[in-house]
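Q:
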Amino acid sequence: MQADLRTRIAITAVVLASSAVLAGNALAISSRTLIAPTGAAAGDRFGSSVSSAGDVNGDGYADVIVGAYFNDAGGPDAGRAYVYYGGPGADAVTDLTLTGAAAFDRFGTSVSSAGDVNGDGYADVIVGAPFNDTGGAEAGRAYVYYGGPGADAVADLILTGTAAGDNFGGRVSSAGDVTGDGYADALRNDAGGTDAGRAYVYYGGPGADAVADLTLTGAAAGDLFGNSVSSAGDVNGDGYADVIVGADFNNAGGSHAGRAYVYYGGPGADAVADLTLTGAAANDLFGVSVSSAGDVNGDEYADVIVGATGGLGAGWAQVTAIYPYQVLSPNGGEQWVAGHPSTVRWLGHDPADLAVSSDGGSTWSTMASGVGGLEENEFTLTAPGPATDLAKVRLTYSGLASKRSNSDLSDGVFRIVLPVVPPAAAYRLQRTFVGAAGSDWFGWSVSSAGDMNGDGYADVIVGAYFNDAGGANAGRAYVYYGGPGADAVADLTLTGAAAGDEFGISVSSAGDVNGDGYADVIVGADLNAAGGPGAGRAYVFYGGPGADAVADLTLTGAAAGDAFGNSVSSAGDVNGDGYADVIVGAYLNDAGGTDAGRAYVYYGGPGADAVADLTLTGAAAGDSFGYSVSSAGDVNGDSYADVIVGAYLNDAGGADAGRAYVYYGGPGADAVADLTLTGAVANDRFSWAVSSAGDVNGDGYADVIVGAFGNSAGGAQAGRAYVYYGGPGADAVADLTLTGAAAFDWFGYRVSSAGDVNGDGYADVIVGANANDAGGANAGRAYVYYGGPGADAVADLTLTGAAAGDAFGISVSSAGDVNGDGYADVIVGAYQNDAGGGDAGAAYLYDLNRYFVLSPNGGETWNVGAAKSISWLGAEPADVLLSTDGGKTYDLLRSGVGGAPQNTIPLRVPHSPTKFARVRILPSLSTVGGQDESDSTFTIQTSVALLALLAAPAPNGARGAVISWQTDPGPEDLAGYRLEHALGGAEWRTLVTLTRETSYLDPSSGPATRYRLFAVNGFGEELLLGETFFRPAAPLAAWPLPYRGGNLSIAFATHGALGGGPGSAEVSLYDVSGRLVRTIARGQYPAGYQSAIWDGRDLQGRRAASGIYFLRSTTAGEDRAIKFVVVR
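According to mature numbering (1 follows the signal peptide of the UniProt record, and there is no 0), the sequence shown holds residues -23 to -1, 1 to 1105 in order.
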């Protein structure tokens, strides 16, 4: 017995639950069956199509229509459709039965409400019969039945397919009011013919006819355009109904991926699709079903839903929100800088007014009117103030005021920040590392090594891949530890395993791979033959107090010629397990095609091994994917480290334009690029160098920098580097473009984060231009660019190679904080420097800080009051302070001085004598950090030593005496000298005041003239240095004579001893009877003039009486005497 194939359907009402129970913010609902009609006979396929019928009979209740396309009442498979009226007493008895015209018409294959086609106030219905033969075999038909109190089964409007096989009527739908004339329009499909497909729109009205008013045609044969049709609602908010048509066999997105097309209604509606939606993958059959979805997201615009029964095997449906405009950027989390150019990007065909809100959308300021009008639009404006975290962008239709509701807002608030001038940094060469032998190419690669020995200071590593210590071109890498007393002697020397390995062609910190708290390093050897000739290797060396030159982890290239290890880097913590990972490039690997290239990520951990955990493959042969690799930091803010890989010969942007790929980390990290960056033009070699840039703009997301040394925007191969800001909506549009200074500079040959060199809290970047000629032909340069909200393309620091041909800038890197001053340092390689021999190479470590004190420094001595100067490097205005206790406390000397790259201020040394003086330079602005101190203590003293003071006869027989002297410090550290004289026992009087002179001719001098010398400091204070007297030509003299009391000055000549040493001499005083009165001087004296004083007393201390006396000197057996008178 034949099975009963009759179909039963249930019409279900969804009602509010009798007790309104809130679950979260949702109102609980329940359902019950209203009616359950059943097909009339077995095999009818009753219910194969169902639809609302609108209110056909005008009783205020919605009705339904059900198709049964295999019903045989009108003939075998003629088909039927049944209308059931709604109402409180609705039942399963058909109220209106519509029957197919002929056998095999399959009337009822599709059913739908037609809206109110004739404008009589009653809903009408439409039924398709795709196999009707009136217009040709299986041309198809569609029948419109007008509603009303006397609605009947006679079609009021019959629409016929144009050609055999069209299957016209296979899909039918109301189109809404496309023309806005107040009448519902109808939409039918025609998926036959050449199978390109068609859809026909028929406008309603009192005189509605069977002639299509709008014919929409499939794009290509086999598309099956029209296999599904529906009203789309009013998707663009212009007040006219729109329609959507599916073409599930369209191949634009892959074979049978499918498409759906939206056509906007309006008085000028046409057959050109206004919006095209494409299936995600081959065989998705996207567009097999289409419909309006209503307003799903509550934005007051109708949305659409499209089915894809082949998608992902199980099928899927996509709800698409359609806007007249769609803001692409800025959106939540982005940042503008007030007063700086900022770009708005959006989708939308109509010209728009662009407004910005700073308060989350409460108030708006119009920034531009009537802009855009293309499918994809971009407009650059000057970002307004004030600073805000609640900025929004709005696009509004520029046309008729009645349509101004057509708009879109940025998805979330973004930031507007005020521009900040980044504080300047100064630099000085901290250390120079030199290659061990000629042709070592030391400095080809440089990097921070992290803190390998755990002393709290960053270390650096330098590669010399042509070094011959392990065999010809075996290569070496050298680690230099940081610290206050760090030197240029390598603390750890790592050597290539075999000749030709090119060990050191790439070097990098590896982070802490094994989790022991010490930084590790990784070194590449791209021609190592362990895995086959030129397969390559990379070696990880663990740090620690006992770090040694034995590799702890050895990674090997997969196949001969891979050049594995040509690039190496820490990858950060990609999988979030708390251990640092590493990435190694093999740019000549052939897995993706000849020289397509690969990059391998190895996860760290206590049991880290040599098996790659993630393998990334180049897109096409010859791409050289993996030539450059780096950690990208956390670009998308998900707390996992990301990586970036360069493929500098990729042709997507033109032959050898190059590409860079960013892969997001996470527990499920995969080999599909999450962000693809493309070179601007052919031969750019974009991604020759890639690196994390740190957080340049301070938005909390890591940024990346990519070099394109072949770019010719600044001149042939001047080069460029591009910075891309991270964030949830990170895109492939460069946010900062840096350009080489001159043709053939090769700017961008190397790029790196520089760390925060100026201490403003923003990451900075460094770019090498190793062929720049500023320091001589191919001397090379490196440029540092400060980060910040207003980061620009003007280099803030320029470092220049020492000599022609050095190729300075061939490698650049942040060095970390090597000397512990709180600022990041940078290291730059110059692999062809000749200091250690021809092309031995060198690397330069630069200390960067806000200031550097040039003088005073350790070992200097300043005299109180001296005119001195303090010199320093640093372009920020500064306060200058002095410590007298070695740096424990400081006193302000000057405020707000300097501001040039190099500065000097004069000052008088203050009255603060100490052996522990220090100078400190501090920023004048409290909002700017940074300082520098003199390298070690220096001395401030008050004493002045008299080294010589002499009064000698004037030269050439001139009258008087020349007084000359020598002091320590000399006149350069003093304000000057004051010289007094006393003539013949007279009072002391100032003879002269001098500044720089150290001698003076006194024409009034005579044998009785005395002199005394004072030093004068910058504060006008005087210090008596000593006295002298005019030395006469006679070998024995005394003054003043006659003697009347006080001191008698005596000058006597001595001859010294034979051989030039001191000799004995004596000066004595006798009375007229020859009795010894007093021995005035006796001792060993050198040859020359000596001086002595007699106070007028005898041997017993009594005053000598008036009378005649004789002064006698004896030296080297020679006696002299003079007579003088004492007057009392």
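Quick reminder that beta carbons are idealized off the backbone N, C-alpha and C, glycines included.
1. Would you tell me roughly how many angstroms separate the C-alpha atoms of A132 and G275, rounded to the nearest one?
2. A3 to W665, Cα distance in whole Å?
3. Buried or exposed: which applies to D722, given that a residue is buried once 16 or more other Cβ atoms fall within 10 Å of its Cβ?
4. Which of the three DSSP states, helix, strand or coil, is assigned to P900?
5. Are three or more beta carbon pairs between the segment 847 to 854 and the segment 948 to 963 nearer than 8 Å?
6. Identify the residues that DSSP records as bridge partners of Q1067: which are they?
7. For W965 and R989, which I take to be in contact (beta-carbon distance under 8 Å), what is that distance rounded to the nearest angstrom?
8. I'd like to check one pair, D225 with A218: are the Cβ atoms closer than 7 Å?
9. Apart from the five residues on each side of it in sequence, which residues of its chain come closer than 8 Å, Cβ to Cβ, to P318?
10. Note down, one range per segment and in chain order, each alpha helix (DSSP H) of at least 4 residues found wholly within the segment 794 to 822.
11. Look up E964 in the DSSP assignment and say whether it is helix, strand or coil.
12. Under 8 Å by Cβ, that's how I've got L469 and A526 pegged, so tell me the actual separation to the nearest angstrom.
13. How many angstroms separate the CA atom of L859 from the CA atom of A894?
14. If you compare alpha carbons, which of N933, S232 and I282 is closest to L254?
15. Determine the closest residue to S316 out of V394, G337, G508 and K1100, with distance taken between C-alpha atoms.
16. Taking all protein chains shown into account, decide if R825 is buried (16 or more other Cβ within 10 angstroms of its Cβ) or exposed.
17. Can you say whether N933 is buried or exposed, counting buried as having 16 or more other CB atoms within 10 angstroms of its CB?
18. Determine the closest residue to L971 out of P980, R987, S208 and I940, with distance taken between C-alpha atoms.
19. Going by C-alpha distance, which of D493, Y821, F518 and G494 is nearest G473?
20. Whole angstroms is fine: what's the gap from G31's alpha carbon to A13's?
21. T76 and G112 look like a contact to me (Cβ under 8 Å); what is the Cβ gap, rounded to whole Å?
22. On the DSSP bridge list, what partners appear for K892?
23. Please classify T881: is it buried, with 16 or more other beta-carbons within 10 angstroms of its beta-carbon, or exposed?
24. So does the segment 690 to 702 actually touch the segment 563 to 576, counting three or more Cβ pairs closer than 8 Å?
25. If you drop the 5 nearest sequence neighbours on each side, which residues of the same chain put their C-beta closer than 6 Å to that of T986?
26. How would you label A855, buried or exposed, when you count the other beta carbons within 10 angstroms and need 16 or more for buried?
27. Using the Cα positions of A506 and D478, report the straight-line distance between them to the nearest angstrom.
28. Tell me, please, which residues DSSP counts as bridged to A637.
29. Helix, strand or coil: which one does DSSP assign to V94?
30. Contact defined as beta carbons within less than 8 Å: I believe A720 pairs with V411. What is the distance between those atoms, to the nearest angstrom?
31. Just the C-alpha distance for K369 and D330, rounded to the nearest angstrom, thanks.
32. State buried or exposed for L1053, treating a residue as buried only when at least 16 other CB atoms are found within 10 Å of its CB.
33. In whole angstroms, what separates the C-alpha of residue 1119 from that of W418?
34. Which residue or residues does DSSP assign as beta-bridge partners of Y302?
35. When you compare each of P644, T653, A632 and V612 to R680 by their alpha carbons, which one comes out closest?
36. Between the segment 341 to 351 and the segment 738 to 752, do three or more beta carbon pairs fall short of 8 Å?
A: In short:
1. 39 Å
2. In this prediction, A3 scores a pLDDT of 34, lower than 50, which makes its location untrustworthy; the coordinate-derived value is nonetheless stated afterwards. Answer to the nearest angstrom: the Cα atoms are 55 Å apart.
3. buried
4. strand
5. no
6. F1029
7. 7 Å
8. no
9. T357, L358, T359 and A360
10. none
11. coil
12. 6 Å
13. 7 Å
14. I282
15. Before going further, note that residue 316 is Gly rather than Ser in the sequence given. Taking only the C-alpha atoms, the option nearest G316 is V394.
16. Rather than Arg, the amino acid found at residue 825 in this sequence is Leu. Flag for L825 reads buried.
17. exposed
18. I940
19. F518
20. 19 Å
21. Going by Cβ atoms, the distance from T76 to G112 rounds to 20 Å, so no, they are not a contact pair.
22. Per DSSP, none; premise fails for K892.
23. exposed
24. no
25. H958, L960 and F1007
26. buried
27. 7 Å
28. G623 and L654
29. coil
30. Not a contact, Cβ separation roughly 31 Å.
31. 14 Å
32. exposed
33. As displayed, the chain neither begins before -23 nor continues past 1105, which places residue 1119 out of reach and without an answer.
34. For Y302, which the question treats as bridged, DSSP gives no partner whatsoever.
35. According to the sequence shown, residue 680 is Asp rather than Arg. Ranking the options by Cα distance to D680, first place goes to V612.
36. no
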